[in-house]
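Chemist: To convert, count from 1 in the sequence shown and add 15; that's my numbering. Using N, Cα and C, we set each Cβ at its ideal position, and we do this for glycine too. It should be emphasised that the depicted structure is a prediction, and the values quoted were computed from it without experimental measurement.
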Amino acid sequence: MIRFGPNLHADEAPFGEALGRRLAFGLPVSVGNDANLAALAEHSRGVGVGVRDLVYLHGDVGVGGGIIAGGHLLGGHDGYGGEIGHMVINPGGGQCACGSRGCLEAEVGERALLEAAGRSPEEGHQGRDAVRNVVDAADRGDIVAQEALRQVGDWLGLGVANLVNLFNPEMVIFGGMLREVYLGSAAQVRSRLAVSALAPQREKLRLRTSALADDATLVGAAELAFAHVLADPLEVLARAGG
16 MIRFGPNLHA
26 DEAPFGEALG
36 RRLAFGLPVS
46 VGNDANLAAL
56 AEHSRGVGVG
66 VRDLVYLHGD
76 VGVGGGIIAG
86 GHLLGGHDGY
96 GGEIGHMVIN
106 PGGGQCACGS
116 RGCLEAEVGE
126 RALLEAAGRS
136 PEEGHQGRDA
146 VRNVVDAADR
156 GDIVAQEALR
166 QVGDWLGLGV
176 ANLVNLFNPE
186 MVIFGGMLRE
196 VYLGSAAQVR
206 SRLAVSALAP
216 QREKLRLRTS
226 ALADDATLVG
236 AAELAFAHVL
246 ADPLEVLARA
256 GG
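(1) From Leu233 to Asp93, what distance separates their C-alpha atoms?
(2) Is it buried or exposed, Gln110, if we count other Cβ atoms within 10 angstroms and call 16 or more buried?
(3) Run through DSSP, which three-state label would Val70 get?
(4) In the DSSP assignment, the alpha helix (DSSP H) including Gly35 goes from what residue to what residue?
(5) Could you give the DSSP three-state label for Ile83: helix, strand or coil?
(6) Please report the distance separating the alpha-carbon of Glu125 from that of Ala39.
(7) Do you know whose CA, among Gly77, Gly191, Asp247 and Leu239, lies nearest Ser59's CA?
(8) Tell me Val46's beta-bridge partners as DSSP assigns them.
(9) Considering only DSSP beta bridges, list what Ile17 is partnered with.
(10) Just to check my reading of the structure: Gln203 and Asp169 have Cβ atoms closer than 8 angstroms, yes? What is that Cβ distance to the nearest angstrom?
(11) Could you pull out every unbroken beta strand (DSSP E) segment of at least 3 residues lying fully inside the region 144-192, listed in chain order?
(12) By Cβ distance, which residues of its chain are closer than 8 angstroms to Ala209, with the 5 residues on each side in sequence left out?
(13) Quick check: what's the CA-CA separation for Leu55 versus Gly81?
(14) Tell me whether Arg134 sits in a helix, a strand or coil according to DSSP, three-state version.
(15) Count the other C-beta atoms from every protein chain shown that fall within 10 angstroms of the C-beta of Tyr71, then say buried if there are 16 or more, exposed otherwise.
(16) What is the DSSP secondary structure of Gln141, reduced to helix, strand or coil?
(17) Provide the residue(s) that pair with Gln203 in DSSP beta bridges, ordered along the chain.
(18) Please name the residue in Ile188, Glu27 and Pro43 whose C-alpha comes closest to that of Ala253.
(19) Any idea what DSSP makes of Val234, helix, strand or coil?
(20) Which residues share a DSSP beta bridge with Val78?
(21) Buried or exposed: where does Pro29 fall if 16 or more other Cβ atoms within 10 Å of its Cβ makes it buried?
(22) For a test of the three-state rule: what should DSSP assign to Val103, helix, strand or coil?
(23) If the criterion is Cβ atoms closer than 8 angstroms, does the pair Val187 and Val146 meet it?
(24) Quick check on this structure: which residue in Asp68, Asn148, Gly114 and Glu162 has the alpha carbon closest to the alpha carbon of Leu178?
(25) What span of residues does the beta strand (DSSP E) with Arg223 cover, start to end?
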């Protein structure tokens, strides 16, 4: 059930049920948050293998996150834990799609970076390629692009510092468009962490980019699907009529 999906323009949508009817496999359809699935994938098959406590940050149109604590995904009471993108880091900041202001998503998401770099989505500047173009322009000495990355990197660093203080992860992983953003603003992120994260929590912290890249969510979805098979293969076989 998609209870509230502002970037999808969908509320109270029974997505899993509808997809199950459309596929007509006679099997239940499992649905997961993209960032949570990617966090599970990086933990089991990516850069986070062997790491019991990690935070995965995913950015595209929106910003989401998945938190692995003690080797397990932190789901929350109703499964909505880890909505990192809607952590308010700048109360007087930009309007977020969720209705609040100054959320991490509003300050470090794709739209925030492109607008700071003077590249309006209305003029065709959008998507991962547009983000890469800003990072490339900054590498080539474009002052506006450099300032945009500095600004976004500072807010990203503040958000990561808050997460580090709260969860004391061993590793923070940047995925989606945040992979490019981090690579272009790593110095700014680390500078903010040095100021805003408590020393004991940051001393052994490792900052990494996603090893599975654009496949992270797909790998996580496959893991989710196979979890039912591995947990009770006979029940799955019976449901399939085998």
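Modeler: In this structure, then:
(1) To locate residue 233, count along the sequence shown from 1; it is residue 218. To locate residue 93, count along the sequence shown from 1; it is residue 78. About 23 angstroms.
(2) On the sequence shown, residue 110 is found 95 positions in, with the first residue counted as 1. Exposed: under 16 other Cβ atoms inside 10 Å.
(3) Here residue 70 refers to the residue found at position 55 of the sequence shown. If DSSP states are grouped into helix, strand and coil, Val70 belongs with the strands.
(4) Taking the first residue of the sequence shown as position 1, residue 35 is located at position 20. Its alpha helix (DSSP H) spans residues Phe30 to Leu38.
(5) Sequence index remark: in the sequence shown, residue 83 carries index 68 (1-based). Reduced to three states, the DSSP call for Ile83 is strand.
(6) Within the sequence shown, residue 125 is the residue found at index 110, counting from 1. Within the sequence shown, residue 39 is the residue found at index 24, counting from 1. Going from the Cα of Glu125 to the Cα of Ala39 covers about 36 angstroms.
(7) Start at 1 with the first residue of the sequence shown, and residue 59 comes out as number 44. If we check each option's Cα against that of Ser59, Leu239 comes out closest.
(8) Here residue 46 refers to the residue found at position 31 of the sequence shown. The secondary-structure analysis by DSSP pairs Val46 with nothing; it has no beta-bridge partner.
(9) Here residue 17 refers to the residue found at position 2 of the sequence shown. Bridge partners of Ile17: Ala28.
(10) Counting from one through the sequence shown, the residue named residue 203 turns up at place 188. Counting from one through the sequence shown, the residue named residue 169 turns up at place 154. Confirmed, Cβ separation roughly 5 angstroms.
(11) The qualifying runs are 186-191.
(12) Counting from 1 along the sequence shown, the entry for residue 209 is found at position 194. Apart from the 5 residues on each side of it in sequence, Ala209 sits with its Cβ closer than 8 angstroms to the Cβ of Arg217 in its chain, given in chain order.
(13) Here the question's residue 55 lines up with position 40 in the sequence shown. Here the question's residue 81 lines up with position 66 in the sequence shown. It is roughly 8 angstroms from the alpha-carbon of Leu55 to the alpha-carbon of Gly81.
(14) Here residue 134 is taken as the residue at index 119 of the sequence shown, counted from 1. Coil.
(15) Position 56 of the sequence shown holds residue 71. Taking a 10 Å sphere around the C-beta of Tyr71, we find 16 or more other C-beta atoms and assign the residue as buried.
(16) Translated into the one-based positions of the sequence shown, residue 141 becomes position 126. Note: Gln141 maps to coil in three-state DSSP.
(17) Position 188 of the sequence shown, counting from 1, holds the residue named residue 203. Beta-bridge pairing links Gln203 to no other residue.
(18) The count along the sequence shown starts at 1 and reaches residue 253 at position 238. Of the listed residues, the one whose Cα sits closest to Ala253 is Pro43.
(19) If you number the sequence shown from 1, residue 234 lands on position 219. Judged by DSSP in its simplified three-state form, Val234 adopts helix.
(20) Within the sequence shown, the letter at position 63 stands for residue 78. The beta-bridge partner set that DSSP reports for Val78 consists of Gly74.
(21) For the purposes of this step, residue 29 is taken as residue 14 along the sequence shown, with counting starting at 1. Pro29 comes out exposed.
(22) For the purposes of this step, residue 103 is taken as residue 88 along the sequence shown, with counting starting at 1. If DSSP states are grouped into helix, strand and coil, Val103 belongs with the strands.
(23) Stepping through the sequence shown from its first residue, residue 187 is reached at position 172. Stepping through the sequence shown from its first residue, residue 146 is reached at position 131. Their beta carbons are not under 8 angstroms apart, which means Val187 does not touch Val146 by this criterion.
(24) Translated into positions along the sequence shown, residue 178 becomes position 163. With distances taken between CA atoms, Leu178 lies nearest to Asp68 out of Asp68, Asn148, Gly114 and Glu162.
(25) As a position in the sequence shown, residue 223 is number 208, starting the count at 1. Element bounds for Arg223: Arg221 to Thr224.
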